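If you read the sequence shown in our numbering, its first letter stands for residue 292, the second for the next number, and so on.
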Amino acid sequence: MTARSNKKPQKNRNTFVKRIKPFVIGLYAVVIMGIGVGLFSMLDEPVVRSPEIPATENKIDEDVLAVVAELGDEGAVTVPVSGLDQLVPERKTPSWEKNAVTLAEVTGPEVAIVIDDLGLSREATDRLERMPGPYTLAYLPYAEDLPAQTGKVRQAGHELMVHLPMEPKGVAADPGTNALLLDLPEAEFERRIKWNLQQFDGFVGINNHMGSRLTEAAGPMVRVMMHLKADGYLFLDSLTSANSVGLSAAKATGVPTVSRDIFLDNIQRVEDIWEQLAKVERIARKRGYGIAIGHPYSVTLDVLAEWRETLAAKGITLVPISQIIKEKLERDHRLALLDEELAGD
Numbered sequence: 292m293t294a295r296s297n298k299k300p301q302k303n304r305n306t307f308v309k310r311i312k313p314f315v316i317g318l319y320a321v322v323i324m325g326i327g328v329g330l331f332s333m334l335d336e337p338v339v340r341s342p343e344i345p346a347t348e349n350k351i352d353e354d355v356l357a358v359v360a361e362l363g364d365e366g367a368v369t370v371p372v373s374g375l376d377q378l379v380p381e382r383k384t385p386s387w388e389k390n391a392v393t394l395a396e397v398t399g400p401e402v403a404i405v406i407d408d409l410g411l412s413r414e415a416t417d418r419l420e421r422m423p424g425p426y427t428l429a430y431l432p433y434a435e436d437l438p439a440q441t442g443k444v445r446q447a448g449h450e451l452m453v454h455l456p457m458e459p460k461g462v463a464a465d466p467g468t469n470a471l472l473l474d475l476p477e478a479e480f481e482r483r484i485k486w487n488l489q490q491f492d493g494f495v496g497i498n499n500h501m502g503s504r505l506t507e508a509a510g511p512m513v514r515v516m517m518h519l520k521a522d523g524y525l526f527l528d529s530l531t532s533a534n535s536v537g538l539s540a541a542k543a544t545g546v547p548t549v550s551r552d553i554f555l556d557n558i559q560r561v562e563d564i565w566e567q568l569a570k571v572e573r574i575a576r577k578r579g580y581g582i583a584i585g586h587p588y589s590v591t592l593d594v595l596a597e598w599r600e601t602l603a604a605k606g607i608t609l610v611p612i613s614q615i616i617k618e619k620l621e622r623d624h625r626l627a628l629l630d631e632e633l634a635g636d
């Protein structure tokens, strides 16, 4: 990842870095919870720094140091949320926009269906290639033959995400190769983020695979978001934990984000999946959009194939996740302009 920042004066920089380095590590261990929270507080478990990797060799750390330098020593302990989104400038055309599936203008309720855990079954990929969409397909980065698998479903009109493995709470659950874990040395954590984002092209962003433990830790989640911001990707919080700070970390760093509303197939029975689809339809009618996550089980794909045929009569549109993000950003922008106008009156 290449993160760009405004160059800062180099005078006494090395001394400054050494002086505040312990505080900067603490900056990554912030808690970003609650609506309207203005400041980050410290986590009990800071991200462990690999001793052989100096802070100045990590571009993310340099960007943080630059902001801390402007805020002063006191700012090293508590940094305003509004400062983090300036650490890495957005790309002129973010990758999520460039790779998005484009639709004609949509009116009425919208539903995005995300299919997780893809890549391990080529049969599931082949079937989804034949299914009319657009579905949002989240591929595990450690699966084999990913460029071929993802290329053909994208060509078929589906949208792609990286289903990024993160540490769960259950000790028996294995998130997979190169998963993001809390006790990793900092350099290895960074290497794994980059590796996971380099296994195939054409995706709009990530959602978490497992991650009930890691998504509760603000420091590691801020690190993930810094990469997404620099590379221009979005974040869908799978909400595998009710205490996830994923949305807050994304918002604080300026990463476009939403969270799922329901899981479709925790119970793999036809009637239960239909019931969950009816639930996401109700959410969409009430709020304007709904987001459901399913898995490539045969029963799930069977039900989705039938459900897809009912949407036109219901006035509901199946959309990719990027469509919901795009419209959400547009709404937020309009509200911000309205607030400015009201403040000026």
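Even for Gly, the Cβ is constructed at its ideal location relative to N, Cα and C. These numbers come from a predicted model, not from an experiment.
- With three or more CB-CB distances shorter than 8 Å, the region 509-517 counts as touching the region 478-487.
- DSSP links glutamate 566 through a beta bridge to no other residue.
- DSSP, read as helix, strand or coil, puts glutamate 401 in strand.
- The closest CA to that of glycine 585, considering only Arg573, Leu620, Gly523, His500, is found on His500.
- Setting aside the 5 residues that flank it on each side, asparagine 469 is surrounded in the same chain by Pro432, Tyr433, Pro456, Arg483, Trp486, Asn487, each with a C-beta closer than 8 Å to its C-beta; the list follows chain order.
- At a Cβ-Cβ threshold of 8 Å, tryptophan 598 and valine 495 do not count as neighbours.
- Between the beta-carbon of glutamate 450 and that of threonine 427 there is about 5 Å, and that keeps the pair under the 8 Å contact cut.
- Counting of Cβ neighbours within 10 angstroms places isoleucine 615 among the buried residues, the total reaching 16 or more.
- For isoleucine 607 against glycine 399, the beta-carbon gap comes to about 7 Å, under 8 Å, which counts as contact.
- Just so you know, the alpha carbons of glycine 537 and valine 549 end up roughly 9 Å apart.
- For phenylalanine 480, the enclosing alpha helix (DSSP H) stretches over residues 477-487.
- Closest in C-alpha terms to alanine 583, from the list Ala403, Val397, Lys383, Arg418, comes Ala403.
- With contacts defined by Cβ atoms closer than 8 Å, leucine 527 and asparagine 557 do not form a contacting pair.
- Between glutamine 489 and the set Ala463, Glu507, Glu458, Tyr430, the nearest pair of CA atoms involves Tyr430.
- When the beta-carbon positions are compared, valine 594 and glycine 581 stay at least 8 Å from each other.
- The Cβ-Cβ distance between glycine 510 and threonine 531 does not fall below 8 Å.
- In the structure shown, methionine 501 adopts extended strand secondary structure according to DSSP, grouped into three states.
- The DSSP assignment places complete beta strand (DSSP E) segments of no fewer than 3 residues inside the region 392-467 at 401-409, 427-430, 450-457, in order along the chain.
- In the displayed model, isoleucine 574 falls within a helix according to three-state DSSP.
- By the C-beta density criterion, serine 529 is buried, having at least 16 other C-beta atoms within 10 angstroms.
- As computed with DSSP, alanine 583 is found in a beta bridge with Ile404, Ile553.
- A straight-line Cα-Cα distance of about 15 Å links glutamate 566 and arginine 576.
- For aspartate 528, the pairing in a beta bridge is given by DSSP as Ser550.
- When DSSP states are grouped into helix, strand and coil, glycine 496 belongs to the strand group.
- When DSSP reads this structure, threonine 384 sits in no beta bridge, so it has no partner.
- Between isoleucine 612 and valine 397, the gap from beta carbon to beta carbon reaches 8 Å or more.
- Straight-line spacing of the CA atoms in leucine 555 and threonine 591 works out to 8 Å.
- Note on histidine 454: 16 or more other CB atoms within 10 angstroms of its CB, so buried under the neighbour-count rule.
- Residues Val392, Leu394, Gly448, His449, Glu450, Leu609, Val610, Pro611 of the same chain have their beta carbon placed closer than 8 Å to that of proline 425, with the five preceding and five following residues left out of the count.
- If you ignore the 5 residues before and after alanine 533, its C-beta comes within less than 6 Å of no other C-beta in its own chain.
- In the DSSP assignment, arginine 514 falls within the unbroken alpha helix (DSSP H) covering 509-522.
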